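Residue numbers (my numbering): 6 to 375. The beta-carbon is built from N, C-alpha and C at its ideal position, and this holds for glycine as well. A quick note: this is a predicted structure, and the numbers were derived from the prediction, not measured.
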Amino acid sequence: MSSGHDHSHPHIHLPPAVLAGLAAAVLFGASTPFAKLLLNGIGPWMLAGLLYLGSGLGLTLVAFLRPKTEAISRADAPWLAAAVVFGGVLAPVLLMWGLTGAEGSTASLLLTTEGVFTSLLAWATFKENIGQRIAYGMGAITLGALALAWDGTPSLTNLGPPAAILGACLCWGIDNNLTRKVSLSDPVRIASLKGLAAGSCNLVLALMVAQDHLPGLEPTLMAAAVGFLGYGVSLVLYVLALRGLGSARAGAYFSMAPLIGALLALPLLGESPSPRLAAAAIAMGLGLWLHLTERHEHRHDHPVMDHSHPHDHSDPHHSHVHDHGEETPTGPHSHPHHHSGLEHVHAHFPDAHHRHEHPGLKSQDERSEG
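Given below as structure tokens:
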């Protein structure tokens, strides 16, 4: 699973993609206690539909009002369509079916497997590099999530609903890795399409299956606002994290969301601290520290590549000259551009420009550990 040179340093470096991943977790985690407050007058399927629709419609409005951006490319369209099917249609259906028959403790524990599926798929299918430090960090974050979700002894007497929840988490893991394939596209468009798809799916389930009714205007607007921030803006930030970090690392940062939600539930819902919360905070804090102090550096080759995405010419990977005598912009901009072959050494993440394979040699840190 591990390769390349993963040098650990005591200092913590927070590149923009890491900040985006953490901010996505904060927003999504914060939405949980607010959603619990809204459940007093809205059914769970209806609330899920309103949250997702709030994110999709809100981001569609943002996309309409802001300056025009590039449309999603034809090459990215199949990947995005597949991501919408897995994450916006199949996963909500499986989750809602599973929640109707699984105990709360069982469901909470099983929902922590989304991050595990995301990381395993990133490594096994998309060959994303995961060093020992990152693997240990993922393990610590997962253990913290399990401790946080534990509420007695889960019941597996009826395996159908738990299997459905696992299926939903697998679909979201596939969705996360497919979204990584299109993460250079406009994140607002990506998130708005996924929000509209998931919202419509859940709303149909609520009306047709659960026989729910639309709530009044005020709770509807409140749910839409929570969805816009906690699901929509959060997903935009998560796509930016996928762009800069890859699926496994972005998924690990996003897995901090349950801890954030549990901490916010203390003042918002009047809940009391518990040993489980303390254990989860320690384990997830350790995992977060392992990730934040990662430094992956080795000599690598950049193949010749042509693509389009926002970039800045201060980045050595984008030192190209603009054609037709155009003045080179000084800030972030987007246009189709060409990458010549390049070989160099620097610290990097498995982002869109560093999806190379790694030699089978262990890093210096890993040799000393072994």
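Cβ separation of residue i and residue j, assumed to be a contact under 8 Å, to the nearest whole Å
i, j, result
"A288", "A82", "Between A82 and A288 the Cβ distance is about 40 Å, and since that is not below 8 Å, they are no contact."
"Y40", "L32", "Inspection of the sequence shows that residue 40 is occupied by Ala rather than by Tyr. The Cβ separation is near 12 Å, so there is no contact."
"S188", "L240", "Not a contact, Cβ separation roughly 11 Å."
"G142", "G237", "G142 to G237, Cβ: 28 Å. No contact."
"S3", "I265", "Nothing can be reported for residue 3, as the shown portion of the chain is limited to 6 through 375."
"F131", "S252", "7 Å"
"Y243", "F259", "6 Å"
"A257", "P97", "Not really, about 23 Å apart at Cβ, beyond 8 Å."
"L115", "L171", "6 Å"
"V23", "L250", "7 Å"
Residue i versus residue j - alpha carbon distance
i, j, result
"W155", "P167", "15 Å"
"A285", "A80", "41 Å"
"Q137", "A88", "29 Å"
"G221", "I47", "10 Å"
"T105", "G165", "11 Å"
"A86", "S279", "42 Å"
"H353", "W50", "Only weak support exists for where H353 lies, its pLDDT of 49 falling under 50; the value from the coordinates is given anyway. Going by the C-alpha atoms only, they are around 41 Å apart."
"F122", "L269", "27 Å"
"H218", "S197", "24 Å"
"G275", "P38", "11 Å"
"L95", "R254", "24 Å"
"W128", "T118", "15 Å"
"L84", "G235", "Reading the sequence as shown, one finds Trp at residue 84 and not Leu. Straight-line Cα distance between these residues: approximately 24 Å."
"N181", "S205", "20 Å"
"G120", "G178", "7 Å"
"G200", "G92", "10 Å"
"A25", "M261", "13 Å"
"N134", "Q216", "46 Å"
"P20", "G34", "21 Å"
"A140", "V209", "39 Å"
"A30", "L245", "13 Å"
"M101", "M213", "13 Å"
"P224", "S36", "15 Å"
"E371", "L295", "Caution is warranted here: a pLDDT of 38 is assigned to E371, below 50, making its placement in the model unreliable, and no coordinate value can be reported."
"A376", "N207", "Outside the shown range of the chain (6 to 375) lies residue 376, about which nothing can therefore be said."
"S124", "L175", "11 Å"
"A211", "L153", "29 Å"
"P263", "A150", "7 Å"
"L62", "A173", "24 Å"
"P192", "L148", "30 Å"
"L64", "L27", "20 Å"
"R194", "G54", "19 Å"
"L273", "A283", "18 Å"
"R281", "V90", "35 Å"
"N163", "A112", "13 Å"
"N45", "G103", "21 Å"
"F69", "A267", "35 Å"
"G290", "T298", "12 Å"
"L99", "L43", "22 Å"
The ligand ATP heavy atom lying under 7 Å from the CB of residue i
i, result
"F259", "Among the components modelled here there is no ligand, and therefore nothing to report on the ligand ATP."
- Ranges of the beta strand (DSSP E) found wholly within the stretch 125-168, counting only runs of at least 3: If we require 3 residues or more, the stretch 125-168 turns out to have no beta strand (DSSP E) run fully inside it.
- Task: For the stretch 227-245 and the stretch 57-64, state whether three or more C-beta atom pairs, one from each stretch, are separated by less than 8 Å.
- Result: Yes, the stretch 227-245 touches the stretch 57-64.
- Task: Spell out a yes or no on whether the stretch 60-75 and the stretch 179-187 are touching, meaning 3 or more CB-CB pairs, one atom from each, closer than 8 Å.
- Result: No, they do not touch.
- Where are the beta strand (DSSP E) runs, 3 residues long or more, that stay fully inside the stretch 217-251, in chain order? For the stretch 217-251, there is no continuous beta strand (DSSP E) assignment of 3+ residues that stays within its boundaries.
- Query: What alpha helix (DSSP H) runs, 4 residues minimum, are completely inside the stretch 62-95?
  - Reply: List check, alpha helix (DSSP H) in window: 82-88.
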